[in-house]
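Student:
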Amino acid sequence: MNYLKDIGEDALIKKLIKGLGKGEDLVVGPGDDCAVIDVGDALRYQLLKTDCVVEGVHYLPETSAHKVGWKAIARVISDFAAMGGEPSQLLVTLVMPENQAVEYVEQLYRGMERCAAEFGATISGGETSSLPAGSSAVISISGTGWVNKNQLVRRDEGRPNEVILVTGKLGGSILEKHLSFTPRMKEARWLVENYPITSMMDLSDGVAKDLPRLANSSGCGYFINKEAVPCNMGCDISAALGDGEDYELLFTVPAEVLESLQEEWRGVFPTLRLTAIGELTSEGAGALSLGDGWEHFRS
Ligand SMILES: [Mg+2]
Numbered sequence: 663m664n665y666l667k668d669i670g671e672d673a674l675i676k677k678l679i680k681g682l683g684k685g686e687d688l689v690v691g692p693g694d695d696c697a698v699i700d701v702g703d704a705l706r707y708q709l710l711k712t713d714c715v716v717e718g719v720h721y722l723p724e725t726s727a728h729k730v731g732w733k734a735i736a737r738v739i740s741d742f743a744a745m746g747g748e749p750s751q752l753l754v755t756l757v758m759p760e761n762q763a764v765e766y767v768e769q770l771y772r773g774m775e776r777c778a779a780e781f782g783a784t785i786s787g788g789e790t791s792s793l794p795a796g797s798s799a800v801i802s803i804s805g806t807g808w809v810n811k812n813q814l815v816r817r818d819e820g821r822p823n824e825v826i827l828v829t830g831k832l833g834g835s836i837l838e839k840h841l842s843f844t845p846r847m848k849e850a851r852w853l854v855e856n857y858p859i860t861s862m863m864d865l866s867d868g869v870a871k872d873l874p875r876l877a878n879s880s881g882c883g884y885f886i887n888k889e890a891v892p893c894n895m896g897c898d899i900s901a902a903l904g905d906g907e908d909y910e911l912l913f914t915v916p917a918e919v920l921e922s923l924q925e926e927w928r929g930v931f932p933t934l935r936l937t938a939i940g941e942l943t944s945e946g947a948g949a950l951s952l953g954d955g956w957e958h959f960r961s
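In my numbering, the protein residues as written are 663 to 961.
1. Work out the CA separation of L666 and L674 for me, nearest whole Å.
2. Can you give me the start and stop residues for the alpha helix (DSSP H) that K848 sits inside?
3. Sorted by chain position, which residues of the same chain lie with C-beta nearer than 8 angstroms to G881's C-beta, five sequence neighbours on each side aside?
4. According to DSSP, is C777 part of a helix, a strand, or is it coil?
5. Determine the DSSP secondary structure at G929, reduced to helix, strand or coil.
6. In three-state DSSP terms, what is R875?
7. In terms of residues, what are the limits of the beta strand (DSSP E) holding L827?
8. Taking its Cβ as the centre, do 16 or more other Cβ atoms sit within 10 Å of G896, making it buried, or is it exposed?
9. Please name the residue, chosen from V701, N887, T829, G833, that lies closest to N894 on a Cα-to-Cα basis.
10. Would you give the residue range spanned by the beta strand (DSSP E) that G731 belongs to?
11. For a quick check, are the C-beta atoms of M663 and D695 less than 8 angstroms apart?
12. So who's on the other strand from N810, going by DSSP bridges?
13. In whole angstroms, what is the alpha-carbon distance linking S842 and S802?
14. In the DSSP assignment, what residue or residues form a beta bridge with A938?
15. Within 10 angstroms of the Cβ of S951, are there 16 or more other Cβ atoms? Answer buried if so, exposed if not.
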């Protein structure tokens, strides 16, 4: 018998979505950062997202509840940003062991509300369920957002010879950043308003895992210049590519806009790096083994 840990997250999702129906209003279905729905609005598409953080997987029992709350919401905001859009309404499902302190859950909500408010989202409802004492808590966030039709960026529209860029520096997020990161909403909005961004996603599982996903969706291979990859202090290249939970943006642009993009970026976001790390190639060509990245169900 095959178990989840044997096949990993990507193969599981592939099995699960096979044979799912596709309504006429579904513009982008499973496999992107958000689902994209045509709700009949002339200018905008609706975005849908669901996500969860699990105690012992995404945070530790001793982590401050306020930080866990921030992270739970920030992950979802980051996915709206990765589509070129913005969040609107959020729903919270808490599944907590019955021996969890009430104050902990209140703090968790303070952290969630802080992050939601910062990015213009509203927590508009929720659900709670209890678990036997000693179980791991699960916090699931679902949400809606909006994206202007002419600013929607998917994962599957990158083309060969386009440049691959990342924001910020990569690796080592386990030390702290995964709990307190700032979703790159401002930066993503600026990018889609000013440049022809052809494909984009947020880096949740590491470049080693996420770049092949983006390239595969776009029907491309990729080339990476390992020397160029911006590593966080104390991280070597394999940590920078494989650690996961960076929540930086990974995106592609046509080569001819690279120079002006980088120059203008330095003026608008002087404290955040923007680095060209490689190129999309015609399928398979130039692909480089990047190691494993982070994959759920696999250890
Ligand atoms: Mg994502």
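Ideal placement from N, C-alpha and C gives every residue a C-beta, glycine not left out.
Nothing here was measured: the structure is a model prediction, and the numbers come from that model.
Tutor: According to the data block:
1. 7 angstroms
2. From DSSP, the alpha helix (DSSP H) with K848 extends over 847–856.
3. Excluding sequence neighbours, G881 sits near D818, E945.
4. helix
5. helix
6. helix
7. 825–829
8. exposed
9. G833
10. Note, G731: premise wrong, no beta strand (DSSP E); alpha helix (DSSP H) at 727–744.
11. no
12. R706
13. Approximately 18 angstroms between the Cα atoms of the pair.
14. L827
15. Because the pLDDT of S951 is 49, which lies under 50, any placement of that residue in the model is unreliable, and the number read from its coordinates should be weighed accordingly. So S951 ends up on the exposed side.
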